[in-house]
Amino acid sequence: MRDQIDQESALRGFLASGQRLFLEPYYRAGPDLTRHVDELQRTLETANLRDSDPLALDLRRSHTDWERVVAQPLVLRPNAPGAAQRIKNGKLLSDQMRRDADRLTLILDDQAAAARDAVGTLLLRAATLTAALMLLFGMSAIIADVVRTRTQAALERERIVGDTLQRAFLSGWDVCSYLRVGTAYVSAARHVAVGGDLFDVHRIDDHRCLLVVADVSGKGLEAAVDTAFVKFSMRALVEEFHDPSTLLRKFNTSFIKSTRDETSFVSLFAGVLDSEGLTLRYASAGHSPVYVRRGDAVYQLPVTGPLIGLRTEDDFDAIEEKLSPHDILVLATDGFTEARDTAGIMIDDAGAMRIIREAPSQPQRLADYIVAAVTRASGGRIADDLALLVIELVPPEEIVVTPAYVGQTTLPQEVAAASPA
Numbered sequence: 001m002r003d004q005i006d007q008e009s010a011l012r013g014f015l016a017s018g019q020r021l022f023l024e025p026y027y028r029a030g031p032d033l034t035r036h037v038d039e040l041q042r043t044l045e046t047a048n049l050r051d052s053d054p055l056a057l058d059l060r061r062s063h064t065d066w067e068r069v070v071a072q073p074l075v076l077r078p079n080a081p082g083a084a085q086r087i088k089n090g091k092l093l094s095d096q097m098r099r100d101a102d103r104l105t106l107i108l109d110d111q112a113a114a115a116r117d118a119v120g121t122l123l124l125r126a127a128t129l130t131a132a133l134m135l136l137f138g139m140s141a142i143i144a145d146v147v148r149t150r151t152q153a154a155l156e157r158e159r160i161v162g163d164t165l166q167r168a169f170l171s172g173w174d175v176c177s178y179l180r181v182g183t184a185y186v187s188a189a190r191h192v193a194v195g196g197d198l199f200d201v202h203r204i205d206d207h208r209c210l211l212v213v214a215d216v217s218g219k220g221l222e223a224a225v226d227t228a229f230v231k232f233s234m235r236a237l238v239e240e241f242h243d244p245s246t247l248l249r250k251f252n253t254s255f256i257k258s259t260r261d262e263t264s265f266v267s268l269f270a271g272v273l274d275s276e277g278l279t280l281r282y283a284s285a286g287h288s289p290v291y292v293r294r295g296d297a298v299y300q301l302p303v304t305g306p307l308i309g310l311r312t313e314d315d316f317d318a319i320e321e322k323l324s325p326h327d328i329l330v331l332a333t334d335g336f337t338e339a340r341d342t343a344g345i346m347i348d349d350a351g352a353m354r355i356i357r358e359a360p361s362q363p364q365r366l367a368d369y370i371v372a373a374v375t376r377a378s379g380g381r382i383a384d385d386l387a388l389l390v391i392e393l394v395p396p397e398e399i400v401v402t403p404a405y406v407g408q409t410t411l412p413q414e415v416a417a418a419s420p421a
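At position 89 of the sequence shown the residue is numbered 89 (the numbering used here), and the sequence of numbers has no breaks.
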């Protein structure tokens with residue numbers, strides 16, 4: 001309508017003065033009006049207001065008639081007969097355009113009001129839903145906090161019980177005068193409670209002892225119970241069966257019959273060390289991280305049988321290894337070889353033998369060196385429990401008589417942290 005008014009004003013100025021200079025707004029506003037009507041029709045179609053299309057068409061038609069019947073003839077012949085009648089007809093067409101524009105404005109205002117109401121309703125619903133969700137999330141957070149608190153309390157109770165059990169089967173071993181012993185135990189995480197790693201030295205007679213290292217599947221109290229079962233069953237069985245092959249076969253049958261979880265298994269190394277014959281006769285049930293260090297040379301003792309707990313008919317071959325004075329045995333769980341560095345690469349057997357070769361020769365210092373090397377390689381984050389038993393065979397002339405049994409003076413890292421002073 002502004003474009004229409006511009007054209008009418010320009011035409012009146014031209015007719016009053018006779019100066020064609022006044023027609024410049026007339027020529028400029030004509031294409032603008034056509035473009036604006038096109039935009040109006042597209043907008044009505046997009047808004048799905050098809051009932052308003054006749055008004056837009058009538059507005060376009062009235063303007064076209066005004067151009068054809070009124071404006072163009074007056075521009076060409078302003079003083080021609082009938083000019084006054086043309087101006088009167090132009091007034092009627094302009095009034096019709098205004099009526100169409102007013103009706104369109106009312107329709108669009110009604111649609112805008114309806115849209116505002118719809119948006120207000122949606123916003124109210126959204127606000128209500130948001131408040132409901134906030135309330136739900138708040139309640140969920142409270143419930144989660146209660147569950148977390150109870151879970152932490154249950155974990156703490158389990159850890160305390162686990163620590164007690166762990167002290168029971170890691171608090172001491174038999175002392176053999178012909179051995180120097182170093183040990184270490186590092187738990188992967190404090191809140192896992194007790195793990196399933198175990199080492200033990202048990203005196204059979206004056207010149208023979210049983211060496212055991214084992215890794216029981218699982219974590220928590222069930223693994224602790226199985227670990228205690230391994231230790232004390234092996235001690236009881238070796239009193240009757242001195243051959244490691246028979247020892248593991250008997251224990252395998254006993255473990256399968258007694259375990260409550262059919263998926264449980266144990267990797268286990270059992271060796272009978274004879275200080276008089278300077279031999280180690282052993283059987284290894286799927287337990288590979290066992291090494292011998294002789295001077296600057298380090299080699300690995302091979303596995304001789306499957307894991308404990310798979311089948312009652314499994315056999316476990318025994319191998320006799322000839323030893324020399326000052327030979328060092330390193331018995332470890334897979335937390336040693338399967339430790340990964342920050343790039344995800346495992347230490348593996350080759351890396352383990354390199355660490356043992358570079359370590360000090362004293363058993364306890366060697367065990368501490370391994371723990372430090374694994375911790376350093378893994379960036380300070382131990383991913384799996386690590387149990388270490390380091391044995392040095394003492395020559396007869398260096399043997400010092402000691403009591404047959406002593407308590408462990410240094411508790412494992414996690415147990416010691418929870419123990420009272």
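From the three backbone atoms N, C-alpha and C, an ideal C-beta is built for every residue, glycine too.
Subject >> alpha helix (DSSP H) runs contained entirely in the stretch 312-394, provided each spans 4 or more residues >> reply: Here the runs fully enclosed are 348-358 and 363-377.
Original post:
Considering only C-alpha positions, which residue in the set G271, T304 and A144 is nearest to K322?
Top reply: Considering only alpha carbons, the answer is G271.
Original post:
Under the three-state reduction of DSSP, which class applies to A428: helix, strand or coil?
Top reply: Past the edges of the chain, shown from 1 to 421, lies residue 428, and the structure says nothing about it.
**OP:** Could you tell me whether the stretch 270-288 touches the stretch 339-346, using the rule of 3 or more Cβ pairs below 8 Å?
**Re:** For the pair of segments examined, the stretch 270-288 was found not to touch the stretch 339-346: the number of CB pairs separated by less than 8 Å stays below three.
Original post:
Using the rule of at least 16 other Cβ atoms within 10 Å of the residue's Cβ for burial, across every protein chain shown, is P395 buried or exposed?
Top reply: Label assigned to P395: exposed.
**OP:** Please name the residue in P325, A154 and I355 whose C-alpha comes closest to that of L221.
**Re:** Among P325, A154 and I355, the Cα nearest to that of L221 belongs to A154.
Original post:
In whole angstroms, what separates the C-alpha of V134 from that of S140?
Top reply: A small correction: the amino acid at residue 134 is Met; Val does not occupy that position in the sequence shown. Roughly 10 Å between the two C-alpha positions.
**OP:** Please report how far the alpha carbon of K257 lies from the alpha carbon of E398, in whole angstroms.
**Re:** Going by the C-alpha atoms only, they are around 45 Å apart.
**OP:** Please indicate yes or no: does the CB of L273 lie closer than 7 Å to some heavy atom of the ligand ATP?
**Re:** As presented, the structure is devoid of all ligands, the ligand ATP included, so that no description of it is given.
**OP:** Take the Cβ of A367 as the centre, count every other Cβ of all protein chains shown within 10 Å, and call the residue buried at 16 or more, exposed below.
**Re:** Of the other Cβ atoms in all chains shown, 16 or more fall within 10 Å of the Cβ of A367; this residue is therefore buried.
**OP:** Would you mind listing the alpha helix (DSSP H) stretches within the stretch 211-297 that are 4+ residues and don't spill past its ends, in chain order?
**Re:** Counting only runs of 4 or more residues that sit fully inside the stretch 211-297, the alpha helix (DSSP H) segments are 220-238 and 244-258, in chain order.
**OP:** Let me know the secondary structure DSSP gives A184 once reduced to three states.
**Re:** In the structure shown, A184 sits in a strand (DSSP, three-state: E or B).
**OP:** Specify the secondary structure class of Q19 as computed by DSSP and reduced to three states.
**Re:** Correct three-state label for Q19: coil.
Original post:
Are the Cβ atoms of L23 and V75 separated by less than 8 Å?
Top reply: Against a cut-off of 8 Å, the Cβ pair of V75 and L23 comes out as a contact.
Subject >> As assigned by DSSP and simplified to three states, the class of H36 >> reply: Three-state DSSP puts H36 in a helix.
Subject >> Whole-angstrom distance between A387 and H191, CA atom to CA atom >> reply: Annotation note: pLDDT 47 at H191 (below 50); position unreliable, coordinate value reported separately. The alpha-carbon separation between H191 and A387 amounts to approximately 18 Å.
Original post:
Looking at the unbroken alpha helix (DSSP H) that takes in V75, where does it start and where does it end?
Top reply: Run containing V75: Q72 to L76, per the alpha helix (DSSP H) assignment.
Original post:
Whose C-alpha, out of K231, V238 and A83, is nearest the C-alpha of D205?
Top reply: Measuring from the Cα of D205, the nearest candidate turns out to be V238.
**OP:** Let me know if S267 comes out buried or exposed under the rule of 16 or more other beta-carbons within 10 Å of its beta-carbon.
**Re:** S267 comes out buried.
Original post:
Relative to the alpha-carbon of E240, which residue among R260, R20, T312 and L210 has its alpha-carbon at the smallest distance?
Top reply: Looking at the Cα atoms, L210 is the closest of the given residues.
Original post:
Does the stretch 276-290 come close enough to the stretch 222-234 to have 3 or more Cβ pairs within less than 8 Å?
Top reply: By the criterion of at least three beta-carbon pairs nearer than 8 Å, the stretch 276-290 is not in contact with the stretch 222-234.
Subject >> Length of the line joining the Cα atoms of V144 and G218 >> reply: Note on residue identity: the sequence assigns Ala, not Val, to residue 144. If I take the Cα positions, the gap works out to 26 Å.
**OP:** Please report how far the alpha carbon of T253 lies from the alpha carbon of G138, in whole angstroms.
**Re:** G138 has its alpha-carbon roughly 54 Å from the corresponding atom of T253.
**OP:** State buried or exposed for Q72, treating a residue as buried only when at least 16 other CB atoms are found within 10 Å of its CB.
**Re:** Looking at its Cβ environment, which holds fewer than 16 other Cβ atoms inside 10 Å, Q72 is exposed.
Subject >> Start-to-end residues for the beta strand (DSSP E) that takes in H202 >> reply: Start and end: D197 to R203.
Original post:
If you draw a straight line from the C-alpha of A10 to the C-alpha of T130, how long is it?
Top reply: Spanning the two alpha carbons is a distance of roughly 58 Å.
Original post:
What separation, rounded to the nearest whole angstrom, lies between the Cα atoms of A184 and Y291?
Top reply: Between A184 and Y291, the C-alpha separation is close to 16 Å.
Original post:
When the Cα of D6 is compared with those of L15, R28 and S17, which residue comes out closest?
Top reply: When only C-alpha atoms are compared, the closest one is R28.
Subject >> Close Cβ partners of D349 (< 8 Å) along its chain, the five nearest in sequence each way excluded >> reply: Taking C-beta separations shorter than 8 Å and ignoring five residues to either side along the sequence, the partners of D349 in its chain run S288, P289, Q300 and T337, following chain order.
Original post:
For A83, which residues of its own chain have a beta-carbon under 7 Å away from its beta-carbon, when the five flanking residues on both sides are left out?
Top reply: Short of 7 Å from the beta carbon of A83, and not among the five residues preceding or following it, lie these beta carbons of its own chain, in chain order: L74.
Original post:
Leaving out five residues before and five after D3 in sequence, what residues of the same chain have Cβ atoms less than 8 Å from its Cβ?
Top reply: Leaving aside the five residues that flank D3 on each side, the residues in its chain whose CB is nearer than 8 Å to its CB run, in chain order, A29, G30, D32, L33 and H36.
Original post:
What number of angstroms, rounded off, separates the C-alpha of R311 from the C-alpha of A132?
Top reply: For R311 and A132, the distance between alpha carbons rounds to 57 Å.
**OP:** Sort A112, I319 and S324 by Cα distance to F269 and report the nearest one.
**Re:** The residue with the shortest Cα to Cα distance from F269 is I319.
Original post:
Can you list, in chain order, the residues of its chain whose CB lies under 7 Å from that of L307, leaving out five sequence neighbours each side?
Top reply: So the list reads F265, V266, S267, A285 and G286, once near-sequence residues are dropped.
Original post:
Excluding five sequence neighbours on each side, which residues of the same chain lie with their C-beta closer than 8 Å to the C-beta of L248?
Top reply: Same-chain partners within the cutoff: L268, A270, A283, A285, G305, I308 and F316.
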